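Residue 38 in UniProt numbering sits at position 38 of the sequence shown; the count goes up by one each step and never skips.
Structure first, then comments.
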Amino acid sequence: MLGEVAVDTGTTITHLPNDFYIVFHYIFRSEVGDILVVEDPVGDFDTCYRSDQEGREEYFPIVKLYFDSKSSDLMVFLAHDQVVTLIGDQYCLAFKG
């Protein structure tokens with residue numbers, strides 16, 4: 001598999017190189033905006049948000065991972081349930097460094 005990358009988008013947590021994760025994590029938090037970060041209910045995540053108690057849908061950004069270039073042939077598109085995971089009444093960023 002020389003020169004190829006396998007991406008498992010079916011796992012609960014996507015692991016990234018730590019230096020990349022640090023940047024990703026701060027950009028993600030800034031894109032989410034004014035939803036307050038809360039303590040992780042299980043201890044595995046560093047970015048969690050309480051679901052809206054009034055039933056409004058939260059906004060979480062779509063994530064596009066590009067490999068080698070900005071070609072759609074080398075892109076993985078991750079939607080809501082691949083970006084955050086719901087634990088009880090909290091959404092947690094499903095990435096780790």
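Note that CB positions come from ideal geometry on N, CA and C, so glycine has one too.
No experiment lies behind these values; they were computed from the predicted model shown.
Point to revise | Where valine 37 sits in the DSSP three-state scheme | key: strand
Point to revise | The alpha helix (DSSP H) enclosing valine 42, as first and last residue numbers | key: Careful: valine 42 lies outside any alpha helix (DSSP H) and carries neither H nor E.
Point to revise | DSSP state of isoleucine 87 mapped onto helix, strand, coil | key: strand
Review point. In the structure shown, what three-state DSSP assignment does phenylalanine 20 receive?
Key: helix
Exercise for review: Could you tell me which of Val32, Val42 and Asn18 sits nearest to valine 83, measuring between CA atoms?
Suggested key: Val32
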